[in-house]
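To start, the structure under review is shown below, and the notes come after it.
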Amino acid sequence: MPEQMTKSALPSVQAEGHEVTPRLEIRNIRRFFEGRAVVDDVSLTVLPGQVTCLLGPSGCGKSTTLRMIAGVEMQDEGEIYVDGKLICDTLFRVPPERREIGLMFQDFALFPHLSVGDNVAFGLKGPKDQKRARAHELLDRVSLAQYIDDYPHQLSGGEQQRVALARALAPRPKIMLMDEPFSGLDNRLRDGIRDETLSVLKEEDTAVLLVTHEPEEAMRMADEIALMRDGRIVQQGAPYNVYTRPVDKAAVAFFSDVNTLPAQVNGALAETPFGQFLAPGVPDGTDVEIVFRPQHLRIDFDRNGRGPEATARDGVPARGIVQRARFLGNESLVEFRMDFDGSILKATVPNVFLPAEGRAMWLTVPRDRCFVFPR
Ligand SMILES: Nc1ncnc2c1ncn2[C@@H]1O[C@H](COP(=O)(O)OP(=O)(O)OP(=O)(O)O)[C@@H](O)[C@H]1O
Ligand SMILES: [Mg+2]
């Protein structure tokens with residue numbers, strides 16, 4: 625056994641009261657292109673039957689990370705473990721075909737000259753009838769068993785996508801790597817296929833690392849989100865935690881529009897036209913930004929030139945003039961020009977709320993919904 629294998633004694637992690645060894649663990653992975661770290665010290669784990677989403681903007685290093693795990697790209701630093709066993713570091717590597725990792729990409733290309741059943745059975749070994757039985761089982765799982773003897777061109781795009789999923793799952797991979805697999809599908813198809821894919825992967829207890837740049841997709845699919853930027857993971861956690869406890873303004877802005885109020889800290893308080901915000905531990909004189917999402921701005925009507933009373937929870941109201949109001953289907957978006965400095969703040973309101981342009985209204989910022997970050 626190569627010496628590197630001795631690194632396999634990994635601490636297992638606690639999950640729902642059980643000790644579980646991660647199905648996939650990558651540690652301190654780095655990859656340089658032309659002297660630039662495109663993937664920079666990335667570490668993450670995925671448990672069996674769990675979906676981790678690698679979420680980040682274009683060019684941040686998501687696909688490169690996936691390619692290193694698949695073994696088609698080699699990292700310059702770091703280690704990859706499957707079920708606690710080292711499969712790759714900078715000296716020792718298990719070749720891609722022996723990693724028991726399934727791949728599903730956006731351009732999944734089925735073999736046009738092979739039947740649907742033969743496409744699914746393509747990576748399988750063993751007697752013909754066994755391979756066909758496994759292909760049938762998987763096609764049944766994605767509700768396409770009746771097409772086993774048809775050819776890919778006879779299927780719709782969404783059906784072909786499900787065949788590709790069945791093909792990737794047929795050899796029972798321990799890990800499934802998915803790189804924007806749903807982005808080629810139209811919106812209505814996508815939701816259904818996403819949910820179906822997820823339930824098949826969970827049934828098979830596969831660990832999934834899903835790459836996407838769409839926050840809604842990550843929120844919908846992930847047990848855990850790893851937010852990536854410029855080659856690094858900037859935040860990692862359950863979707864709810866990443867959304868409600870963002871590490872910086874960019875992390876807020878990745879999931880929704882944001883409103884920003886500039887302020888300076890004095891005595892651990894940031895003074896704004898909406899009143900004071902707590903800034904514990906921030907030194908005096910620090911420039912900060914108070915950041916909050918449009919759905920958290922509170923709107924009140926003007927009553928004889930006055931707004932609602934100031935409260936500890938919502939602070940002081942500030943007046944704004946409606947610039948624009950648009951109905952977006954599930955919600956309405958209203959933009960206000962603020963009296964205090966002429967800046968624009970955005971509010972979203974459920975359902976229909978379309979105040980007239982030019983109307984004066986009073987806005988407040990609930991303190992438990994905003995974040996204070998250094999500027
Ligand atoms: N073989 C290569 N040689 C040089 N640079 C590369 C190579 N592969 C990727 N890069 C660069 O590495 C960076 C990360 O690329 P990567 O494909 O991992 O991004 P991504 O997060 O998947 O983006 P997208 O969402 O657009 O697919 C990019 O700046 C890209 O140009
Ligand atoms: Mg990519």
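Numbering follows this note's numbering, in which position 234 of the sequence shown is assigned residue number 858; successive positions increment by one, without gaps. Cβ atoms here follow ideal geometry from the backbone N, Cα and C, with glycine treated the same way.
Quick one: what's got a C-beta closer than 6 angstroms to M802's C-beta in the same chain, skipping five residues either side?
Along the sequence shown, one-based indexing puts residue 802 at 178. Excluding positions up to five away in sequence, the list reads M728 and L834.
For P626, count neighbouring C-beta atoms within 10 Å of its own C-beta (all shown protein chains included) and say buried if the count is 16 or more, exposed if not.
If you number the sequence shown from 1, residue 626 lands on position 2. Summary for P626: the model assigns pLDDT 41, below 50, so the residue's position carries little reliability, and this model does not support an answer.
For S687, verify whether its CB is less than 7 angstroms away from any heavy atom of ligand 2.
Start at 1 with the first residue of the sequence shown, and residue 687 comes out as number 63. Yes, since a heavy atom of ligand 2 falls inside the 7 angstroms radius drawn around the Cβ of S687.
P979: first and last residue of the uninterrupted alpha helix (DSSP H) it sits in:
Start at 1 with the first residue of the sequence shown, and residue 979 comes out as number 355. Careful: P979 lies outside any alpha helix (DSSP H) and carries neither H nor E.
With distances taken from CA atoms, which of N743, N928, Y775 and V912 is nearest A984?
As a first step, residue 984 must be located in the sequence shown, where it is residue number 360. Nearest option by C-alpha distance: N928.
With DSSP as the reference, identify every bridge partner of S956, one or two as the case may be.
Sequence index remark: in the sequence shown, residue 956 carries index 332 (1-based). Paired residues: F951 and V973.
Is any non-hydrogen atom of ligand 1 found closer than 7 angstroms to the C-beta of C677, if you look at the structure I gave you?
On the sequence shown, position 53 is the one that residue 677 refers to. It does not: the Cβ of C677 is nowhere closer than 7 angstroms to a heavy atom of ligand 1.
Tell me D924's beta-bridge partners as DSSP assigns them.
For the purposes of this step, residue 924 is taken as residue 300 along the sequence shown, with counting starting at 1. Answer is W986, bridged to D924.
Tell me whether the beta-carbon of G680 lies closer than 8 angstroms to the beta-carbon of R922.
The residue labelled residue 680 in the question sits at position 56 within the sequence shown. The residue labelled residue 922 in the question sits at position 298 within the sequence shown. Cβ atoms of G680 and R922: not closer than 8 angstroms.
With a floor of 4 residues, list each alpha helix (DSSP H) that falls wholly inside the stretch 672–760, ordered by position along the chain.
686–694 and 740–745
Indicate the three-state DSSP secondary structure (helix, strand or coil) for L885 in the structure shown.
The count along the sequence shown starts at 1 and reaches residue 885 at position 261. It is a strand residue.
Close Cβ partners of F898 (< 6 angstroms) along its chain, the five nearest in sequence each way excluded
Within the sequence shown, residue 898 is the residue found at index 274, counting from 1. Within the same chain, F898 has close Cβ partners G939, V940, A942 and V989.
Should F806 and E841 be called a contact, given that it needs their Cβ atoms to be closer than 8 angstroms?
If you number the sequence shown from 1, residue 806 lands on position 182. If you number the sequence shown from 1, residue 841 lands on position 217. It is a contact, given that the beta carbons lie within the stated cut-off.
With a threshold of 16 other CB atoms inside 10 Å of the CB of T830, please say whether the residue is buried or exposed.
Here residue 830 refers to the residue found at position 206 when the sequence shown is read from its first residue. Buried.
Can you round the beta-carbon distance between A846 and T676 to whole angstroms, since I take them to be within the 8 angstroms contact cut?
The count along the sequence shown starts at 1 and reaches residue 846 at position 222. The count along the sequence shown starts at 1 and reaches residue 676 at position 52. Their Cβ separation, rounded to whole angstroms, is 6 angstroms, which keeps A846 and T676 in contact under 8 angstroms.
Comparing the CB of V662 with every heavy atom of ligand 1, is any distance shorter than 7 angstroms?
Your numbering for residue 662 matches position 38 in the sequence shown. At least one heavy atom of ligand 1 is nearer than 7 angstroms to the Cβ of V662, so yes.
Considering only heavy atoms of ligand 1, does any lie closer than 7 angstroms to the CB of F977?
Here residue 977 refers to the residue found at position 353 of the sequence shown. No, Cβ of F977 sits at least 7 angstroms from all heavy atoms of ligand 1.
Got a sec? Which residues, its chain only, sit under 7 angstroms from I650 by beta carbon, not counting five neighbours each side?
Translated into positions along the sequence shown, residue 650 becomes position 26. V666, S667, L668, I693, G702 and I704.
Have a look at S956 and V915 and give me their C-alpha separation to the nearest angstrom.
Taking the first residue of the sequence shown as position 1, residue 956 is located at position 332. Taking the first residue of the sequence shown as position 1, residue 915 is located at position 291. Distance between the alpha carbons of S956 and V915: 20 angstroms.
Limits of the unbroken beta strand (DSSP E) element including S667
Stepping through the sequence shown from its first residue, residue 667 is reached at position 43. Where S667 is concerned, the enclosing beta strand (DSSP E) stretches over R660 to V670.
Rounded to a whole number of angstroms, what is the C-alpha to C-alpha distance between G953 and N883?
Along the sequence shown, read from residue 1 onward, the residue named residue 953 stands at position 329. Along the sequence shown, read from residue 1 onward, the residue named residue 883 stands at position 259. So the two alpha carbons sit approximately 22 angstroms from each other.
Out of curiosity, what's the CA-to-CA distance linking Q628 and F716?
The residue labelled residue 628 in the question sits at position 4 within the sequence shown. The residue labelled residue 716 in the question sits at position 92 within the sequence shown. Confidence is the limiting factor: at Q628 the pLDDT is only 41, short of 50, which leaves the residue's position unreliable, though a coordinate-based value still follows. Computed Cα separation, rounded: 7 angstroms.
Mapping the DSSP letters down to three states, classify G909 as helix, strand or coil.
Reading the sequence shown from its first residue, position 285 is the one you call residue 909. DSSP places G909 in coil when its eight states are reduced to three.
Spatial neighbours of F995 within its chain, please: CB distance less than 8 angstroms, with the 5 preceding and 5 following residues excluded, ordered by chain position.
As a position in the sequence shown, residue 995 is number 371, starting the count at 1. Within the same chain, F995 has close Cβ partners P870, K873, V876, I914, V915 and F916.
Among residues of its own chain, excluding the 5 on either side of D664, which ones have a beta-carbon nearer than 7 angstroms to its beta-carbon?
The sequence position of residue 664 within the sequence shown is 40, counting from 1. Excluding positions up to five away in sequence, the list reads R654, G855 and R856.
For V906, the nearest candidate out of G861, Q888, Q919 and H920 (CA to CA)
Residue numbering aside, residue 906 sits at position 282 when the sequence shown is read from its first letter. Closest by alpha carbon: Q888.
Consider the C-beta atom of D803 and the heavy atoms of ligand 2; say whether any pair is separated by less than 7 angstroms.
Working through the sequence shown from its first residue, we reach residue 803 at position 179. Correct: D803 has its Cβ closer than 7 angstroms to ligand 2.
Hey, would you say A790 sits closer than 8 angstroms to L748, going by beta carbons?
Residue numbering aside, residue 790 sits at position 166 when the sequence shown is read from its first letter. Residue numbering aside, residue 748 sits at position 124 when the sequence shown is read from its first letter. No, the Cβ-Cβ distance between A790 and L748 is not below 8 angstroms.
Sort D774, G750 and N652 by Cα distance to V740 and report the nearest one.
Taking the first residue of the sequence shown as position 1, residue 740 is located at position 116. Considering only alpha carbons, the answer is D774.
Which of helix, strand or coil does DSSP assign to C994?
Working through the sequence shown from its first residue, we reach residue 994 at position 370. C994 falls in the coil class under three-state DSSP.
Compute the Euclidean distance between the alpha carbons of V832 and N811, then round it to the nearest angstrom.
By 1-based counting over the sequence shown, the position of residue 832 is 208. By 1-based counting over the sequence shown, the position of residue 811 is 187. Going from the Cα of V832 to the Cα of N811 covers about 22 angstroms.
Ordered along the chain, which non-local residues of its own chain (more than five positions away) have a Cβ less than 7 angstroms from that of L671?
Here residue 671 refers to the residue found at position 47 when the sequence shown is read from its first residue. Excluding residues within five positions, the ones whose Cβ falls inside 7 angstroms are A639, V644, P646, R647 and A831.
In whole angstroms, what is the alpha-carbon distance linking A903 and L885?
As a position in the sequence shown, residue 903 is number 279, starting the count at 1. As a position in the sequence shown, residue 885 is number 261, starting the count at 1. So the two alpha carbons sit approximately 14 angstroms from each other.
Rounded separation between K798 and L779 - CA only:
Taking the first residue of the sequence shown as position 1, residue 798 is located at position 174. Taking the first residue of the sequence shown as position 1, residue 779 is located at position 155. Computed Cα separation, rounded: 28 angstroms.
Is it buried or exposed, I968, if we count other Cβ atoms within 10 angstroms and call 16 or more buried?
By 1-based counting over the sequence shown, the position of residue 968 is 344. Classification for I968: exposed.
State buried or exposed for Y867, treating a residue as buried only when at least 16 other CB atoms are found within 10 Å of its CB.
The residue given as residue 867 occupies position 243 in the sequence shown. It counts as buried.
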